[in-house]
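Going by full-length UniProt numbering, 22 is the number at position 22 of the first sequence; the sequence numbering is gapless. First up is the structure itself, then whatever we jot down about it.
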Amino acid sequence: MKRKTRRHWLMKSEPDAFSIDDLERVGTEPWDGVRNYQARNFMRDGMQVGDRILFYHSNTKVPGIAGIATVASEAYPDETQFNAKSKYHDPKATREAPRWYLVDVAFERKLKRVIPLEEIKQHADQLGEEFALIRKGNRLSVFPVSAAQYDYLLSLE
DNA sequence: GCCAACGTTGGC
DNA sequence: GCCAACGTTGGC
């Protein structure tokens with residue numbers, strides 16, 4: 001059954017590998033290569049077409065939120081798991097029992113400026129200490145953001 | 001480039 | 001089922 005309300009998400013990408021500019025260029029991109037069960041479950045079980053995504057640049061000089069994207073497809077099996085030549089190949093995955101799922105992600109817009117992680121941390125009181133992005137040791141690359149957190153983060157733009 | 005944090009794997 | 005070893009993430 002479909003939910004009526006939209007959820008919000010944050011997805012990390014290393015800009016050297018795939019940046020918000022790359023997404024703008026291609027328009028829509030299958031979000032392949034996620035090999036973490038929790039992140040997979042969010043994509044497979046939580047996302048709906050039209051949900052908004054904060055596009056986060058990780059592992060770069062100024063990590064932070066760089067743009068907005070939307071969920072552009074239902075979840076479907078990540079093709080790279082079946083490809084022996086792919087670095088994302090998973091020998092234990094079969095077409096009958098795929099292990100990894102993804103959604104297509106569509107470009108919406110770049111932020112006027114990147115909102116740096118350093119700055120986001122200064123708003124921990126408003127975002128909540130449990131906010132996954134600023135929780136110590138968090139490495140999850142896909143996770144939900146509440147509507148309030150989403151609005152607050154964009155108010156920093 | 002370093003390394004803390006954390007998830008996964010596999011031997012037992 | 002425990003847990004050491006290993007690999008990866010990602011800030012700094």
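We put the beta carbon where it would ideally sit given N, CA and C, even for glycine.
query: Relative to the alpha-carbon of residue 97, which residue among 112, 114, 79 and 87 has its alpha-carbon at the smallest distance?; result: 79
query: If you follow the alpha helix (DSSP H) that residue 24 is in, where does it begin and where does it stop?; result: 20 to 26
query: Apart from the five residues just before and just after residue 33, which ones in its own chain have a Cβ nearer than 6 Å to its Cβ?; result: 88
query: Any contact of the stretch 5 to 14 with the stretch 46 to 62, i.e. 3+ C-beta pairs under 8 Å?; result: yes
query: Using 8 Å for Cβ pairs, my map puts residue 43 next to residue 127. What's the rounded Cβ distance?; result: In fact, because the Cβ distance is near 23 Å, the residues do not count as touching under 8 Å.
query: State the start and end residues of the unbroken alpha helix (DSSP H) segment that holds residue 104.; result: Per DSSP, residue 104 belongs to no alpha helix (DSSP H); it is in the beta strand (DSSP E), 104 to 116.
query: Quick one: what's got a C-beta closer than 6 Å to residue 75's C-beta in the same chain, skipping five residues either side?; result: 43, 44, 101 and 103
query: Give me the DSSP bridge partner(s) of residue 127.; result: None, per the DSSP bridge assignment.
query: Taking only three categories from DSSP, how would you classify residue 119?; result: helix
query: Hey, which unbroken runs of the beta strand (DSSP E) at 3 residues or more fall wholly within the stretch 39 to 69?; result: 52 to 57
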